[in-house]
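**Student:** Per our numbering, residue 234 is the first one in the sequence shown, and the count goes up by one each step.
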Amino acid sequence: MPWFFAPAGPHDGYENFGVVPSDANSVGSVKIIEGALLTVGLKGGAGLAISMSVATIALNVPRLEKPGPGGSRLLKLSATKAGTCQLIAKTADGATAATLDIVVVAAQKSVNSPKLTLSPLGKLSMADANKWIKDVEASVKLVSENPVGKIVLKYVPDVVVIPDFVDTTCNASSLVVQRPTTSEGTSSVGRTVQFSPSLCNGTGAGDRPDEGLVHELIHQVEDNCSEYKNVPDPANRPTPGFEFDGSDFMTITITNLYSSSYQRPLRKDHASYARLPQSYASNEAKYFTDFRGNFVSLNRRLSAFYRDLIFVEVPWDPFQEIRP
Ligand SMILES: [Zn+2]
234 MPWFFAPAGP HDGYENFGVV PSDANSVGSV KIIEGALLTV GLKGGAGLAI SMSVATIALN
294 VPRLEKPGPG GSRLLKLSAT KAGTCQLIAK TADGATAATL DIVVVAAQKS VNSPKLTLSP
354 LGKLSMADAN KWIKDVEASV KLVSENPVGK IVLKYVPDVV VIPDFVDTTC NASSLVVQRP
414 TTSEGTSSVG RTVQFSPSLC NGTGAGDRPD EGLVHELIHQ VEDNCSEYKN VPDPANRPTP
474 GFEFDGSDFM TITITNLYSS SYQRPLRKDH ASYARLPQSY ASNEAKYFTD FRGNFVSLNR
534 RLSAFYRDLI FVEVPWDPFQ EIRP
């Protein structure tokens, strides 16, 4: 008698794997998070065919020719959309031999901010997806408790946070995509932040995981604006001075306000995680004056956001130089 089984897994807030009775044809249901991977076993009965009743889950490994230990075969499933579906094993004559109901739970809203949806997507194992969600929630919590983080969350539009599959060192990215206009004439903006907290260790200035997250959320507040200018730094780096790559003056500067509130070192520029020279770390007026053009740029585009940053109470705040 064939049957499906799904391995037991961690249960840290999300139900990953159902416990499947080993002596039944019909084996109940398992729950997984949208976008995650699930490995399901099918035991017994050579020549069984597998089908899915609803295409909310994609079969990553449709071929079943190679039996594993004990005659079982493993199916790798990728949950592509929230919903329910049924995995059915059929015998050669088309009769149903075993069924497994699968519930795909929608990507989760962050418990620490309704603006952020956490989606581990389909490239992480279930255990890794759960660890990622836990780590991201820890960063969102720190952002939500910080006076500057609160302002960033106030102005950030709804964003989907996904793991960073590209980088192996501390990096993250912010994507803002204008979706095509539909036949009904509606258009929308897709916003995604790629972020893997485990890649950041906090040894440099501005590279603690929560600092990386608030940095990317500032990009989202700014719609990935890219009009900032580099600034000469004759004392520390004559050429090319402070590097902002067009897009990364306010991400660095506002994250520095954030970091100062957590007694973390301040970051110099976008070239590395080096510290801001003491001549600026201890003199916000000089910072504001030397980088004035970039402050004016933000104020022109996002004056309400800018005004909130003037009045926030944190140890390092060059915005307050124009407090009335
Ligand atoms: Zn950036």
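Cβ atoms here follow ideal geometry from the backbone N, Cα and C, with glycine treated the same way.
Please read all numbers here as calculations on a predicted model, not as lab measurements.
Regarding S480 and ligand 1, is the C-beta to nearest heavy atom distance less than 7 Å?
**Tutor:** Here residue 480 refers to the residue found at position 247 of the sequence shown. At least one heavy atom of ligand 1 is nearer than 7 Å to the Cβ of S480, so yes.
**Student:** Less than 7 Å separating the Cβ of T206 from some heavy atom of ligand 1?
**Tutor:** This structure leaves residue 206 out entirely; the chain is present only between 234 and 557.
**Student:** Spatial neighbours of K387 within its chain, please: CB distance less than 7 Å, with the 5 preceding and 5 following residues excluded, ordered by chain position.
**Tutor:** Walking along the sequence shown from the start, residue 387 turns up at place 154. Correct list: empty, nothing qualifies.
**Student:** If we count Cβ pairs, one from each stretch, closer than 8 Å, do we get three or more for the stretch 400 to 410 versus the stretch 519 to 527?
**Tutor:** Verdict: no, contact absent.
**Student:** Determine the direct distance from the alpha carbon of G382 to that of T289, and round the result to whole angstroms.
**Tutor:** Working through the sequence shown from its first residue, we reach residue 289 at position 56. Working through the sequence shown from its first residue, we reach residue 382 at position 149. Straight-line Cα distance between these residues: approximately 36 Å.
**Student:** Taking buried to mean at least 16 other C-beta atoms within 10 Å of its own C-beta, is F428 buried or exposed?
**Tutor:** Counted from its first residue, the sequence shown places residue 428 at position 195. Counting Cβ neighbours within 10 Å, F428 comes out buried, since at least 16 surround it.
**Student:** Please specify which runs of the beta strand (DSSP E), each continuous and at least 3 residues long, are wholly inside the stretch 302 to 378, giving them in chain order.
**Tutor:** Those beta strand (DSSP E) runs which fall completely within the stretch 302 to 378 and span 3+ residues are 305 to 312, 316 to 323, 329 to 338, 349 to 351.
**Student:** For G439 and Y506, what's the separation of their Cα atoms in angstroms?
**Tutor:** By 1-based counting over the sequence shown, the position of residue 439 is 206. By 1-based counting over the sequence shown, the position of residue 506 is 273. Roughly 6 Å between the two C-alpha positions.
**Student:** Using CA atoms only, rank isn't needed, just tell me which of H448, D466, V392, N363 is closest to N404.
**Tutor:** In the sequence shown, counting from the first residue as 1, residue 404 sits at position 171. Of H448, D466, V392, N363, the residue nearest in Cα terms is H448.
**Student:** Out of R533, V337, D443, W549, point me to the one whose CA is closest to E460's CA.
**Tutor:** As a position in the sequence shown, residue 460 is number 227, starting the count at 1. The residue with the shortest Cα to Cα distance from E460 is R533.
**Student:** If you run the structure through DSSP and keep just helix, strand and coil, what is L408?
**Tutor:** Against the sequence shown, residue 408 aligns to sequence position 175. The answer is strand: DSSP assigns L408 an E or B state.
**Student:** Quick one: Cα of S372 to Cα of K364, how far?
**Tutor:** Reading the sequence shown from its first residue, position 139 is the one you call residue 372. Reading the sequence shown from its first residue, position 131 is the one you call residue 364. Their Cα atoms are separated by approximately 13 Å.
**Student:** Using the Cα positions of P243 and L349, report the straight-line distance between them to the nearest angstrom.
**Tutor:** Locating residue 243 in the sequence shown gives position 10, where the first residue counts as 1. Locating residue 349 in the sequence shown gives position 116, where the first residue counts as 1. Reliability of the predicted coordinates at P243 is poor, the pLDDT of 30 falling under 50, and the value obtained from them is presented with this limitation in mind. Their Cα atoms are separated by approximately 24 Å.
**Student:** Between which residues of its own chain and D481 is the CB-CB distance below 6 Å, once the five residues before and five after are set aside?
**Tutor:** Here residue 481 refers to the residue found at position 248 of the sequence shown. If we look at D481 and ignore the five residues flanking it on each side, its Cβ neighbours are H503.
**Student:** Which of helix, strand or coil does DSSP assign to G439?
**Tutor:** The count along the sequence shown starts at 1 and reaches residue 439 at position 206. Note: G439 maps to coil in three-state DSSP.
**Student:** Out of G316, V385, A312, V263, which one is the CA nearest neighbour of L542?
**Tutor:** Residue 542 sits at position 309 when you count from the first residue of the sequence shown. For L542, the nearest C-alpha among the options comes from V385.
**Student:** I'd like to know whether the C-beta atoms of S343 and L351 end up nearer to each other than 8 Å.
**Tutor:** As a working note, residue 343 is residue 110 in the sequence shown. As a working note, residue 351 is residue 118 in the sequence shown. Yes, the pair counts as a contact, with Cβ atoms nearer than the cut-off.
**Student:** Would you grab the beta carbon distance between K519 and S512 for me? Rounded to a whole angstrom, and I think it's under 8 Å.
**Tutor:** Counting from 1 along the sequence shown, the entry for residue 519 is found at position 286. Counting from 1 along the sequence shown, the entry for residue 512 is found at position 279. Contact flag correct, Cβ pair sits at about 7 Å.
**Student:** Tell me whether G274 sits in a helix, a strand or coil according to DSSP, three-state version.
**Tutor:** Within the sequence shown, the letter at position 41 stands for residue 274. It is a strand residue.
**Student:** Output the distance between the C-alpha atoms of N391 and S286, rounded to the nearest integer angstrom.
**Tutor:** Taking the sequence shown and counting its residues from 1, one reaches residue 391 at position 158. Taking the sequence shown and counting its residues from 1, one reaches residue 286 at position 53. According to the sequence as given, residue 391 is Asp; it is not Asn. Cα to Cα, D391 sits roughly 33 Å from S286.
**Student:** Quick one: grab the DSSP three-state call for G479.
**Tutor:** Translated into the one-based positions of the sequence shown, residue 479 becomes position 246. It is coil, neither helix nor strand.
**Student:** Can you tell me whether Y247 is helix, strand or coil according to DSSP?
**Tutor:** Taking the first residue of the sequence shown as 1, we reach residue 247 at position 14. In this predicted model, Y247 has a pLDDT of only 28, less than 50, meaning its place in the structure is not dependable; the value taken from the coordinates is given anyway. Correct three-state label for Y247: coil.
**Student:** Whose C-alpha, out of R424, K462, A468, N463, is nearest the C-alpha of H452?
**Tutor:** What you label residue 452 is simply residue 219 of the sequence shown in a count that begins at 1. Checking every option, the nearest Cα to that of H452 belongs to R424.
**Student:** How is T484 classed by DSSP in three states: helix, strand or coil?
**Tutor:** The count along the sequence shown starts at 1 and reaches residue 484 at position 251. Note: T484 maps to helix in three-state DSSP.
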